[in-house]
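Novice: Numbering (the numbering used here), first residue to last: 19 to 155.
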């Protein structure tokens, strides 16, 4: 797997492995593009049924990317209820953007609120104000 520039994969205090900054990302700057295998809605449904933990992101109606297959390491970006980045979809590309300045060594995190994870999927972010699950507000 070829990692996106400025990122490293390391053990995460949140869950398993995480994606960490190796360079400074100023607020508003693109961190990386989410890459992976392009799959259909039908294939999403099949893969979601076989595993509670998956790396699938929707990019437009009926088109999804599975970052666990052919990705660039961004599929290791863990959830946090107080994230330091957000996802932006532009012309069929899913980009991770810095919500605030991110320093080298910080784990890159994103709020998974609107993903394919089940509503009862426990959150492990330990952030102040953690909502306890990934998909519930």
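Ideal placement from N, C-alpha and C gives every residue a C-beta, glycine not left out.
Nearest-angstrom Cα distance between residue 33 and residue 127?
Specialist: 11 Å
Novice: Would you mind sorting residue 106 into buried or exposed? The rule is 16 or more other CB atoms within 10 Å of its CB.
Specialist: With fewer than 16 neighbouring CB atoms inside 10 Å of its own CB, residue 106 falls in the exposed class.
Novice: Do the CB positions of residue 43 and residue 116 come within less than 8 Å of each other?
Specialist: yes
Novice: For residue 151, report the span of its alpha helix (DSSP H) as first-last.
Specialist: Neither: residue 151 is in no alpha helix (DSSP H) and is coded neither H nor E.
Novice: Whole angstroms is fine: what's the gap from residue 90's alpha carbon to residue 123's?
Specialist: 18 Å
Novice: From what residue to what residue does the alpha helix (DSSP H) around residue 68 run?
Specialist: Secondary structure note for residue 68: its alpha helix (DSSP H) is the uninterrupted segment 59 to 68.
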